[in-house]
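Asker:
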Amino acid sequence: MKLKLLTLALSLGIGALSHAAGPKAEVIHWWTSGGESAAVKTFSDAYNAAGGVWVDTAISIGEQARSVAVNRIVGGNPPTAAQFNTSKQFLDLVEQGMLNNVDDVALRDGWDKFLPEPVLNVVRVKGHFYAAPVNIHMPTWFWYSKAAFKKAGIAAEPKSMDELFAALDKLKVAGLIPLAHGGQPWQENIVFTAVLANVGGTDLYLKVLRDRDAKAIQGDAFKNVLLTFKRLQAYVDKGAPGRNWNDATALLITGKAGVQIMGDWTKGEFAQARQLPGKDYGCIAGFGPKSPYIIQGDVFVFPKTTNAEAIKAQKMMAGLMLAPATQVDFSNKKGSIPVRTDVDVSKMDVCAQQGLAIMKDKSRQLGNGEVYLNPDQNGSLSDILTAYWNKNIAVEKVQKDIASALKN
Amino acid sequence: MSGTLAVTQPLRRRSRLRPARIGVYAFLLTAAAFFLLPLYIMLVTSVKSMDEIRLGNIFAFPIQITLEPWVTAWTAACTGVACEGIRGGFWNSVLIVIPSTILPILLGALNGYALSFWKPRGANVLFAILMMGAFIPVQVMMYPLVRILATLGLFSSLSGIVLVHIIFSMPVMTLLFRNYYLSIPQELFKAARIDGGGFVRIFLQLMLPMSTPIIIVAAIMQVTGVWNDYILGLVFAGRENLPMTVQLNNVINTTTGTRLYNVNMAATILTSLVPLAIYFLSGRWFVRGIAAGAVKG
Amino acid sequence: MTIKPKQLLRQFVSWAALLPLASTVLVAYLGTVLWSLKISFTNSRTFPSDQYVGWAQYQRLFDNDRWLLSLQNLALYGVLFIAACMVLGFLLAVFIDQKVMAEGALRTVFLYPYAMSFVATGLVWQWMLNPGNGIQQAVRQMGYADFSFDWIIDQDMVIYTIVIATVWQASGLVMALMLAGLRGIDEEIWKAARIDGIPTWRVYVSIILPMLGPTVATVFVLLFTAVVKVFDSVVSMTQGGPGTASEVPAKFIMEHLFGRANIALASAGSIVLLLTVLLLVLPFMLVRSRSARVQAGKS
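Chains as they are written, first to last, in my numbering: chain G, 1 to 408; chain S, 1001 to 1297; chain Z, 2001 to 2299.
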């Protein structure tokens, strides 16, 4: 009798204990700067509020964080969740059977109903959902300093590529740096993507980056894109090579430069300097009523485990991160836009609202290079572009090189 | 010239302002200026506000000095969800550095001693392969080492990271001691053998005491290397033992986040204070004549 | 000739002492090289695969302009870096050894760059060498309107900026090693040289330097390993740019290991790098082992 009572008391006690501390989730991510920290805190707060315990393992720089995640999986000590980009980076993990899927959460919450197609195609592999997408970043915004435009006598926002070049000419005449740029391969890739999207158009973009069509790459339309890309280089100041993107934004903030082509995370730097969109700086998503909205972003994958508590944690996280209110909160602090358009946009800034409005038009949704190309192909393309930007190479040779780099 | 200055010693001590003396100081001070310039920029940047830094005048003295970046770096800089500065990993770094300095130095001295005096057959081949190993970048060895440590059950642990540091420092430590012992005359060793000393006795009672200068240099290199190590601690130490460099890199590095350069500079200087202290304190062992004295004795 | 048991025991003890060395070498180093070699013949991406592709990765490597340029840069960088560090380190050690005031402070001044993370110091060098707001600008503001120092944005000159920054970082350590060596030299030698009336600089060149042989050898090997592994400085100063002008092998390998998820190509690169080093070092090691044997024979 006493033994039975003791066992009952013990099991009740253990039951109470396991209710007190919810499922523990160790999360590897690379959001380490001030603004990013505030953003990821919305996720950890939401998770903790729902009863879980968020264990944070932040590792700066995406490449490093991802390599640690992979090494931890291989070494037998996987995290509960790991951050990747909306890209083909985690396909090898799926192939090796190293990830859990979150199909039941995806089906329950109807992910296939609200996720944009490029994002859906990334997270759904062979019919299963292997990643939870948490935001959409647009890398090819055109930012401009209102003070610099005023000084150069540019009255209106450029509405086409030609008008952009005219504005850049005016800035040069006024003695300002027309295009603020940081000479790093990924930044050159962004400028190229912007030109391909705005000058080449949606069809050419998909033919080159998604279909890797050699004929399109060697064709005249793409040649024009490359020449326009190279034309922009003349508007960059001499000190650009190696410069961090923040230092280029600083040129806009201090009114020394006019335009920068960079992602929506730039808003963070402006905010740090207490500058406001629409007042001190302007944001242009693209030229023309059908300009594409380039999609890149972050996702979380869930390393394979049979531990019941870990699986519970993974499903909880996948559900919480895509909840509309959390999505808005996170994106506001991160500078991105939510992965779903059925959210309350009133609390988002002017540029983000613009972005979400464009996203509602499915024909304008285009993925970033890394959505369509694997890391090796994307890297090879980057190498060719950065060589072309910095050296005088015949454009036909560049076309040939790109065709062969994207071939396999 | 040697004729007129027959008694050179006393004359050297009396005239301190000889051209040679001025030349020595001139060279040293010019070199010091070259070395100190980046530090000046770091210090000056670390006490400016971000608004001032954005203006881009890196050599300019701050218009308004602020110590906030230093406080932020230590206690409030964001490193993830937590915004508690870089202080978190300090004790972890200490716990990693101490065994990762003592053990590799001991092993390096042992290896160098065996290789230069006892020369067992085939050991030189091993040494050659070891030295080739020093040329392999760390990341190339990462995947195999992860598998090996996982098999040993040491992955993500303090012992694991110490073992990894021992493996990676073995080439340099062995090289340092082996070459140092090569410059010690063989007579000393032979005399000790004749006196009846064995392997361990000669090592502990004769060679190790004579090795003070090289032990200091080895300690400087190893403490610096392990204290500033980032990638090995990140992968092998396990979440509970992450060294300070992980927080430091989280503060400094970012892909698309904002960069607070003043905090970054302050954090870097703070982190380097430990190796710097070791350099400054090691001064009194850089004295002349330790080995010389032992040879005579 | 019978082998005495005492000799056997002595050989055994010295071999036992070298056990950690042997196991590290065989398992960690030799094992890794053999594993890398195997992987370089496959088409492994993020994870090792068993699909053999023969020499395909090596073909791709030598078709790659970036890789070939990185090897060229490494050769140029290596020669300049090693020479500059050894000369500067030696001079610093010699001058500090002259019973100067504030020796401790001076030593710390020359050593502190070595203590600092290159992620931050590399950025400072990038700022200093930037023509817009660095040294060029500062000198021009002082009145020399024609002064030009924009190597860091010049594709042909950028590698020299890496040399300057890394020499700044490493010379202090060379100085420390040389100083330890210098301080180990018997005071008697100095006295004898002074009595003979030999000028100081002659003593250094003809007597001291040869005696520092092992120290110089150590320094050379250390600098050589640093050259082959140079990575942090390039990443934080120029990111391999402008374009790919300051690319180095370690950065190429690293990027393909993780960022590009192509461990086969990265392994091929490491094997080629290792073979290059082996080819350069082998003649040295043969010469040194012969002279060491001669020296041992003399003493």
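Every residue gets a Cβ at the ideal spot worked out from N, C-alpha and C, and that includes glycine. The model shown is predicted, which means the values in this text are computed figures rather than measured ones.
Identify every residue that forms a DSSP beta bridge with G/Asn85.
Answerer: Along the first sequence, one-based indexing puts residue 85 of chain G at 85. In the DSSP output, where bridge partners are listed per residue, G/Asn85 has G/Asp298.
Asker: Checking 8 Å against the spacing of the C-beta atoms, do Z/Ile2153 and G/Gly182 come in under that value?
Answerer: As a position in the third sequence, residue 2153 of chain Z is number 153, starting the count at 1. As a position in the first sequence, residue 182 of chain G is number 182, starting the count at 1. Result no, Cβ atoms of Z/Ile2153 and G/Gly182 do not sit closer than 8 Å.
Asker: For G/Asn101, does the count of other Cβ atoms within 10 angstroms reach 16, so buried, or fall short, so exposed?
Answerer: Working through the first sequence from its first residue, we reach residue 101 of chain G at position 101. It counts as buried.
Asker: What does a CB cutoff of less than 8 Å around Z/Asp2050 pick up in its chain, not counting 5 residues either side in sequence?
Answerer: Here the question's residue 2050 of chain Z lines up with position 50 in the third sequence. Excluding sequence neighbours, Z/Asp2050 sits near Thr2042.
Asker: Of all the residues that make up the segment 1141-1158 of chain S, which are near chain G by a beta-carbon distance shorter than 8 Å?
Answerer: Residues Met1142, Tyr1143, Val1146, Arg1147, Leu1149, Ala1150, Phe1155 and Ser1156.
Asker: Of all Cβ atoms in chain G, is any one closer than 8 Å to the Cβ of S/Ala1267?
Answerer: As a position in the second sequence, residue 1267 of chain S is number 267, starting the count at 1. Closer than 8 Å: no.
Asker: What do you reckon, are the CB atoms on G/Ala58 and G/Thr86 nearer than 8 Å?
Answerer: Start at 1 with the first residue of the first sequence, and residue 58 of chain G comes out as number 58. Start at 1 with the first residue of the first sequence, and residue 86 of chain G comes out as number 86. No, these two residues do not count as a Cβ contact at 8 Å.
Asker: What residues in its chain sit with their C-beta under 7 Å from that of Z/Met2211, if we drop five residues either side in the sequence?
Answerer: For this step, residue 2211 of chain Z is matched to residue 211 along the third sequence. Answer for Z/Met2211: Ile2185, listed in chain order.
Asker: Can you tell me where the alpha helix (DSSP H) with G/Tyr281 in it begins and where it stops?
Answerer: Taking the first residue of the first sequence as position 1, residue 281 of chain G is located at position 281. Where G/Tyr281 is concerned, there is no enclosing alpha helix (DSSP H), although the beta strand (DSSP E) it sits in stretches over Tyr281 to Ile284.
Asker: Spatial neighbours of G/Lys312 within its chain, please: C-beta separation below 7 Å, excluding the five flanking residues on both sides.
Answerer: The residue you call residue 312 of chain G lines up with position 312 of the first sequence. Only Pro23 meet the Cβ criterion.
Asker: According to the neighbour-count rule (16 or more other Cβ atoms, all chains shown, within 10 Å of its Cβ), is Z/Phe2224 buried or exposed?
Answerer: What you label residue 2224 of chain Z is simply residue 224 of the third sequence in a count that begins at 1. Classification of Z/Phe2224: buried, given that the 10 Å Cβ count is 16 or more.
Asker: Residues of chain Z with CB closer than 9 Å to the CB of G/Gln233, please, in chain order.
Answerer: By one-based count along the first sequence, residue 233 of chain G stands at place 233. Under the 9 Å cutoff, chain Z gives no residues; its nearest Cβ is about 11 Å from G/Gln233.
Asker: Within the 8 Å Cβ cut-off, does S/Ala1082 reach chain G?
Answerer: Numbered from 1 along the second sequence, position 82 holds the residue referred to as residue 1082 of chain S. Closer than 8 Å: yes.
Asker: Quick one: Cα of G/Ala49 to Cα of G/Met316, how far?
Answerer: Walking along the first sequence from the start, residue 49 of chain G turns up at place 49. Walking along the first sequence from the start, residue 316 of chain G turns up at place 316. Roughly 12 Å separates the two Cα atoms.
Asker: Measuring straight from C-alpha to C-alpha, what distance separates S/Tyr1261 and S/Ile1022?
Answerer: Translated into positions along the second sequence, residue 1261 of chain S becomes position 261. Translated into positions along the second sequence, residue 1022 of chain S becomes position 22. Cα-Cα distance, rounded: 39 Å.
Asker: Keeping to the same chain, check which residues put their C-beta closer than 8 Å to that of G/Pro241; ignore five residues upstream and five downstream.
Answerer: Along the first sequence, read from residue 1 onward, the residue named residue 241 of chain G stands at position 241. Within the same chain, G/Pro241 has close Cβ partners Gly183 and Asn390.
Asker: With a CB to CB cut of under 6 Å and the five nearest residues on each side skipped, what residues in its chain are close to Z/Ser2014?
Answerer: As a working mapping, residue 2014 of chain Z is identified with position 14 in the third sequence. Cβ neighbours of Z/Ser2014 beyond the five flanking positions: none.
Asker: According to a CB-to-CB cut-off of less than 8 Å, which residues of the segment 254-265 of chain G neighbour chain S?
Answerer: Flagged, chain order: Thr254, Gly263 and Trp265.
Asker: So, does the segment 246-261 of chain G touch the segment 1054-1061 of chain S, judging by three or more C-beta pairs under 8 Å?
Answerer: A contact exists between the segment 246-261 of chain G and the segment 1054-1061 of chain S.
Asker: Count the other CB atoms within 10 Å of the CB of Z/Leu2280; is the residue buried (16 or more) or exposed (fewer)?
Answerer: For this step, residue 2280 of chain Z is matched to residue 280 along the third sequence. Classification for Z/Leu2280: exposed.
Asker: Can you give me the start and stop residues for the beta strand (DSSP E) that Z/Thr2032 sits inside?
Answerer: Numbered from 1 along the third sequence, position 32 holds the residue referred to as residue 2032 of chain Z. Taken as a continuous stretch (DSSP letters only), Z/Thr2032 belongs to no beta strand (DSSP E), being part of the alpha helix (DSSP H) at Gly2031 to Ser2040.
Asker: Run through chain Z and tell me which residues come within less than 9 Å of S/Met1050, C-beta to C-beta.
Answerer: Position 50 of the second sequence holds residue 1050 of chain S. Correct list: empty, because the minimum Cβ distance to chain Z is about 15 Å.
Asker: Counting only beta-carbon separations shorter than 8 Å, does S/Gln1205 have a partner in chain Z?
Answerer: Here residue 1205 of chain S corresponds to residue number 205 of the second sequence, with the count starting at 1. It does not: the Cβ of S/Gln1205 has no partner Cβ on chain Z nearer than 8 Å.
Asker: Run down chain S in chain order and give the residues with a C-beta less than 8 Å from the C-beta of G/Glu163.
Answerer: The residue given as residue 163 of chain G occupies position 163 in the first sequence. Within 8 Å Cβ-Cβ: nothing; G/Glu163 doesn't reach chain S, min ~28 Å.
Asker: Going by Cα to Cα distance, which pick from Z/Phe2220, Z/Ser2236, Z/Val2228 and Z/Ile2096 is closest to Z/Leu2179?
Answerer: Translated into the one-based positions of the third sequence, residue 2179 of chain Z becomes position 179. Nearest option by C-alpha distance: Z/Ile2096.
Asker: Can you give me the start and stop residues for the beta strand (DSSP E) that G/Lys24 sits inside?
Answerer: Mapped onto the first sequence, residue 24 of chain G falls at position 24. Looking at the DSSP string, the run of the beta strand (DSSP E) that includes G/Lys24 is Lys24 to His29.
Asker: Please work out which residues of its chain come closer than 6 Å, Cβ to Cβ, to G/Lys207, disregarding the five sequence neighbours upstream and downstream, and give them in chain order.
Answerer: In the first sequence, residue 207 of chain G corresponds to position 207, counting from 1. So the list reads Asp213 and Ala216, once near-sequence residues are dropped.
Asker: Roughly how far, in whole angstroms, is the beta-carbon of G/Tyr144 from the beta-carbon of G/Phe90, given that I think they are within contact range, below 8 Å?
Answerer: To locate residue 144 of chain G, count along the first sequence from 1; it is residue 144. To locate residue 90 of chain G, count along the first sequence from 1; it is residue 90. So it is not a contact: roughly 36 Å between Cβ atoms.
Asker: Give the list of continuous alpha helix (DSSP H) stretches no shorter than 4 residues that lie fully inside the segment 2130-2157 of chain Z.
Answerer: Whole alpha helix (DSSP H) segments, 4+ residues: 2135-2141.
Asker: Return helix, strand or coil for G/Pro178, following the three-state DSSP convention.
Answerer: Locating residue 178 of chain G in the first sequence gives position 178, where the first residue counts as 1. Correct three-state label for G/Pro178: strand.
Asker: Alpha carbon to alpha carbon, what distance is there between S/Pro1099 and S/Arg1121?
Answerer: Position 121 of the second sequence, counted from the start, is the residue given in the question as residue 1121 of chain S. Position 99 of the second sequence, counted from the start, is the residue given in the question as residue 1099 of chain S. Their Cα atoms are separated by approximately 31 Å.
Asker: Could you check which residue in Z/Ile2208, Z/Ala2170 and Z/Asn2130 has the C-alpha nearest to that of S/Met965?
Answerer: Look at the range of chain S in this structure, 1001 to 1297, and you will see that residue 965 of chain S is not part of it.
Asker: Give the DSSP-derived three-state secondary structure of S/Val1235 in the structure shown.
Answerer: One-based indexing of the second sequence puts residue 1235 of chain S at position 235. Residue state, collapsed to three classes: helix.
Asker: Can you name, in chain order, every residue of its own chain whose Cβ lies under 6 Å from the Cβ of G/Ala38, other than the five neighbours on each side?
Answerer: As a working note, residue 38 of chain G is residue 38 in the first sequence. Around G/Ala38: Lys333.
Asker: So with Cβ pairs under 8 Å, would you call G/Val371 a contact of chain Z?
Answerer: Within the first sequence, numbered from 1, the residue matching residue 371 of chain G stands at position 371. Cβ-Cβ to chain Z under 8 Å: no for G/Val371.
Asker: Can you check whether the C-beta of Z/Val2025 is within less than 8 Å of a C-beta belonging to chain S?
Answerer: Here residue 2025 of chain Z refers to the residue found at position 25 of the third sequence. Judged by the 8 Å Cβ criterion, Z/Val2025 is in contact with chain S.
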